[in-house]
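Notes for the one structure printed next.
Residue numbers (the working numbering): 9 to 632.
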């Protein structure tokens with residue numbers, strides 16, 4: 009198959025390249041429309057109990073969580089002082105008159121509710137509800153309201169927090185940090201390309217694959233946005249993987265093409281041989297990464313699903329770029345691929361370089377090297393026993409961020425999470441009055457509950473609101489939700505709210521992981537068996553990659569969960585957790601890329617062995 013593809017590309021190289029350019033232009037034109045259609049949410053399980061509660065609250069009770077929570081603090085005196093009341097009412101009126109505001113509820117407009125007053129009586133809460141329920145629009149509005157109202161208003165200090173501000177702050181920080189990372193990494197990558205490829209023309213070849221993968225994926229994402237929500241963070245995964253795989257696959261294809269030319273073959277014969285060997289390797293390695301990244305689509309969270317869509321697309325298109333337009337361009341260039349040499353000796357292919365020497369050293373002392381390697385891996389794995397996983401909260405913002413400062417002020421001044429209550433729905437509550445009364449009595453005595461509201465009924469449906477003491481997106485609140493759900497309760501009870509959404513999301517990820525692991529292990533074993541014909545090599549590859557992945561997670565926990573090496577990686581608030589969504593994404597991508605490199609190595613080792621070399625020589629030359 010690959011030989012036929014090589015012959016076709018060699019014969020029709022100009023036509024192939026022209027069609028490729030035209031396809032790229034069309035994809036760029038349509039794909040650019042995707043940017044305005046991306047979503048910045050997608051961190052919840054839409055089929056969970058908490059999602060059903062959110063539907064009941066909105067459709068039956070016309071209730072939803074406030075978009076903003078403002079703490080209005082007097083610079084002296086009480087929240088009931090006439091001057092404070094006048095200023096607070098003026099602030100509330102100004103916010104209510106904003107075009108995007110639906111309604112405002114505050115301590116002052118709710119009849120001086122004691123639940124909306126701070127412990128020392130110097131601050132009052134104000135809840136702001138936006139007209140829009142779209143996550144992305146709320147995110148943008150959160151930033152605008154924070155900029156406008158956070159700070160000083162007349163004789164008041166105003167602290168702006170809430171879901172919209174938090175989302176805007178987290179997403180804004182991530183996007184800014186990624187810009188800095190890419191500003192540093194991309195120029196360094198191109199410098200490394202010059203050193204690795206050793207020639208200006210050759211070092212530009214990864215761009216053919218990278219541009220194909222990135223622009224093609226944007227086009228695919230645009231098509232997907234017509235049918236489903238796609239996370240805005242697919243942009244970063246797409247550019248990162250597109251450029252990275254462009255380099256990987258170009259190294260294999262270009263270096264093998266150079267080898268074949270150095271043997272004295274014509275450029276047409278060189279590309280055919282390249283496709284039979286390196287092309288086949290790229291295809292199988294890409295396939296292992298695609299099937300690994302597809303596992304992200306199994307999770308119910310749209311954020312992870314989106315990463316699966318983008319990851320599988322960018323890898324598949326990188327493989328396409330390596331097997332179609334890149335070979336066509338190489339045949340057109342021929343020996344010119346070596347023009348612009350920047351490093352002496354870069355074009356000389358060696359079978360006995362440093363890596364071959366490393367391989368021979370390892371094979372002379374296999375037991376010692378394996379024992380030492382495993383000892384190092386298990387040393388890095390050891391912290392994983394203490395790892396705790398959670399979700400993004402304000403504690404993951406920089407300590408200087410106004411959203412963090414506001415959330416801390418509210419947590420210190422107010423005894424419960426009034427803006428993020430636990431919402432309990434009884435769909436058939438009108439026939440369960442006595443049972444609901446018994447349940448709420450038990451609920452009031454649960455440790456961690458600040459207060460339980462009076463039941464509210466609309467038709468047959470009854471709603472009970474409870475306020476917890478701890479932050480909603482924490483392991484403590486997850487345990488609280490589990491305790492509430494374990495209480496004797498009326499049939500059909502649903503528990504929702506931010507804390508329940510957190511618990512449901514964590515549960516959904518945990519429930520999906522066995523399916524993901526089963527899929528990845530089974531498919532990768534089958535693919536590697538089909539590629540190598542060996543039973544032992546696929547099992548070895550999967551086991552070693554799981555070990556290296558566990559070591560990666562252990563190091564991440566030791567640094568970011570326990571707060572070590574802050575002088576190296578930068579100052580941050582130690583939260584005692586690492587984000588579950590990000591850890592799943594890191595684990596799947598890292599495992600996929602590990603298998604990618606596994607196939608690179610095994611393919612060349614197998615090729616040398618099939619050519620009649622000894623085991624030792626095959627491994628040494630393959631690694632080199």
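Backbone N, C-alpha and C fix where the C-beta goes; we use that ideal spot for every residue, glycine too.
These numbers come from a predicted model, not from an experiment.
Original post:
Span of the beta strand (DSSP E) holding residue 169?
Top reply: On the chain shown, position 161 is the one that residue 169 refers to. Per DSSP, residue 169 belongs to the beta strand (DSSP E) from 164-169.
Subject >> Collapsed DSSP secondary structure at residue 136 in the structure displayed >> reply: Counting from 1 along the chain shown, the entry for residue 136 is found at position 128. Residue state, collapsed to three classes: strand.
**OP:** Have a look at residue 634 and residue 584 and give me their C-alpha separation to the nearest angstrom.
**Re:** Outside the shown range of the chain, which is 9 to 632, sits residue 634, and nothing can be said about it.
Original post:
Can you tell me where the alpha helix (DSSP H) with residue 372 in it begins and where it stops?
Top reply: For this step, residue 372 is matched to residue 364 along the chain shown. That run of the alpha helix (DSSP H) goes 362-372.
Original post:
In the structure shown, what three-state DSSP assignment does residue 388 receive?
Top reply: For this step, residue 388 is matched to residue 380 along the chain shown. Here residue 388 sits in helix by DSSP.
Subject >> Cβ-based burial, residue 406 [other Cβ within 10 Å; buried from 16] >> reply: Along the chain shown, one-based indexing puts residue 406 at 398. Residue 406 is exposed by the Cβ-count criterion.
Original post:
In its own chain, which residues sit with a C-beta less than 7 angstroms from the C-beta of residue 558, not counting the 5 before and 5 after it?
Top reply: Working through the chain shown from its first residue, we reach residue 558 at position 550. Cβ within range, chain order: 389, 392.
**OP:** On the DSSP bridge assignment, give the partners of residue 464 in chain order.
**Re:** Position 456 of the chain shown, counting from 1, holds the residue named residue 464. 471, per the DSSP bridge assignment.
Subject >> Three-state secondary structure (DSSP) of residue 563 >> reply: Stepping through the chain shown from its first residue, residue 563 is reached at position 555. The answer is helix: DSSP assigns residue 563 an H, G or I state.
Subject >> Close beta carbons around residue 146, own chain, < 8 angstroms, minus the five adjacent residues each side >> reply: Mapped onto the chain shown, residue 146 falls at position 138. Answer for residue 146: 75, 138, 140, 171, 172, 175, listed in chain order.
Original post:
DSSP on residue 161, reduced to helix/strand/coil?
Top reply: Sequence index remark: in the chain shown, residue 161 carries index 153 (1-based). Strand, per DSSP.
Subject >> Residue closest to residue 554, alpha-carbon to alpha-carbon, out of 543, 525, 576, 540 >> reply: Within the chain shown, the letter at position 546 stands for residue 554. When only C-alpha atoms are compared, the closest one is 525.
Original post:
Could you check where the alpha helix (DSSP H) with residue 65 kicks off and where it finishes?
Top reply: Indexing the chain shown from 1 puts residue 65 at position 57. It spans 57-67 - the alpha helix (DSSP H) in which residue 65 sits, taken as one unbroken run.
Subject >> Terminal residues of the alpha helix (DSSP H) in which residue 420 lies >> reply: Along the chain shown, read from residue 1 onward, the residue named residue 420 stands at position 412. Counting along the chain, the alpha helix (DSSP H) containing residue 420 begins and ends at 410-421.
**OP:** Decide yes or no for the touch test of the segment 435-448 against the segment 195-212: beta carbon pairs closer than 8 angstroms, at least 3 of them.
**Re:** no
Original post:
Which partner residues of residue 398 appear in the DSSP bridge assignment?
Top reply: Numbered from its first residue, the chain shown carries residue 398 at position 390. The partner list for residue 398 (beta bridge, DSSP) reads 587.
Original post:
What's the C-alpha gap between residue 417 and residue 167?
Top reply: In the chain shown, counting from the first residue as 1, residue 417 sits at position 409. In the chain shown, counting from the first residue as 1, residue 167 sits at position 159. Taking the straight line from one Cα to the other gives about 8 angstroms.
Original post:
When the distance is taken between beta carbons, is residue 588 closer than 8 angstroms to residue 633?
Top reply: Look at the range of the chain in this structure, 9 to 632, and you will see that residue 633 is not part of it.
Subject >> Other residues of its chain near residue 424: CB distance less than 8 angstroms, five sequence neighbours each side excluded >> reply: Position 416 of the chain shown, counted from the first residue, corresponds to residue 424. 123, 458, 459, 475, 476, 477.
**OP:** Determine the DSSP secondary structure at residue 114, reduced to helix, strand or coil.
**Re:** Taking the chain shown and counting its residues from 1, the one referred to as residue 114 is at position 106. In the structure shown, residue 114 falls within a strand segment according to DSSP collapsed to helix, strand and coil.
Original post:
Between 84, 220, 239, which lies nearest to residue 44 when the distance is taken from Cα to Cα?
Top reply: Your numbering for residue 44 matches position 36 in the chain shown. Looking at the Cα atoms, 239 is the closest of the given residues.
Original post:
Can you give, in chain order, each stretch of the alpha helix (DSSP H) that sits fully within the segment 84-130 and has at least 4 residues?
Top reply: Secondary structure remark: continuous alpha helix (DSSP H) runs of at least 4 residues inside the segment 84-130, in chain order: 90-104.
Original post:
Can you find at least 3 beta carbon pairs, one from the segment 535-548 and one from the segment 593-613, that sit closer than 8 angstroms?
Top reply: yes
Original post:
Excluding five sequence neighbours on each side, which residues of the same chain lie with their C-beta closer than 6 angstroms to the C-beta of residue 144?
Top reply: Here residue 144 refers to the residue found at position 136 when the chain shown is read from its first residue. Closer than 6 angstroms at Cβ, skipping near neighbours: 47, 48.
Subject >> Contact check, residue 31 vs residue 80, beta carbons under 8 angstroms >> reply: Locating residue 31 in the chain shown gives position 23, where the first residue counts as 1. Locating residue 80 in the chain shown gives position 72, where the first residue counts as 1. Taking 8 angstroms as the cut-off, the Cβ atoms of residue 31 and residue 80 do not count as close.
Subject >> residue 568 - DSSP class collapsed to helix/strand/coil >> reply: By 1-based counting over the chain shown, the position of residue 568 is 560. Residue state, collapsed to three classes: helix.
Subject >> Test item: CB-CB of residue 516 and residue 25 under 8 angstroms >> reply: The sequence position of residue 516 within the chain shown is 508, counting from 1. The sequence position of residue 25 within the chain shown is 17, counting from 1. Against a cut-off of 8 angstroms, the Cβ pair of residue 25 and residue 516 comes out as no contact.
Original post:
My guess is that residue 221 and residue 286 are in contact by the Cβ rule of under 8 angstroms, so how many angstroms apart are they, rounded?
Top reply: One-based indexing of the chain shown puts residue 221 at position 213. One-based indexing of the chain shown puts residue 286 at position 278. At roughly 17 angstroms, the Cβ-Cβ gap does not stay under 8 angstroms, so residue 221 and residue 286 are not in contact.
Original post:
Under the three-state reduction of DSSP, which class applies to residue 50: helix, strand or coil?
Top reply: Residue numbering aside, residue 50 sits at position 42 when the chain shown is read from its first letter. Coil, per DSSP.
Original post:
What's the call for residue 452, buried or exposed, on a 16-neighbour Cβ count within 10 Å?
Top reply: Along the chain shown, read from residue 1 onward, the residue named residue 452 stands at position 444. So residue 452 ends up on the exposed side.
**OP:** Take the Cβ of residue 509 as the centre, count every other Cβ of all protein chains shown within 10 Å, and call the residue buried at 16 or more, exposed below.
**Re:** Within the chain shown, residue 509 is the residue found at index 501, counting from 1. The residue is buried, with at least 16 neighbouring Cβ atoms inside 10 Å.
**OP:** Quick one: grab the DSSP three-state call for residue 11.
**Re:** Your numbering for residue 11 matches position 3 in the chain shown. In this structure, DSSP gives residue 11 a helical state, which the three-state scheme calls helix.
Original post:
So the alpha helix (DSSP H) residue 339 belongs to, where does it begin and stop?
Top reply: Here residue 339 refers to the residue found at position 331 of the chain shown. 333-341 is the extent of the alpha helix (DSSP H) around residue 339.
**OP:** Determine the DSSP secondary structure at residue 477, reduced to helix, strand or coil.
**Re:** By 1-based counting over the chain shown, the position of residue 477 is 469. If DSSP states are grouped into helix, strand and coil, residue 477 belongs with coil.
Subject >> Simplified DSSP assignment, three categories, for residue 424 >> reply: Here residue 424 is taken as the residue at index 416 of the chain shown, counted from 1. Coil.
**OP:** Reducing DSSP to helix, strand and coil, say where residue 234 ends up.
**Re:** Taking the first residue of the chain shown as 1, we reach residue 234 at position 226. Residue state, collapsed to three classes: coil.
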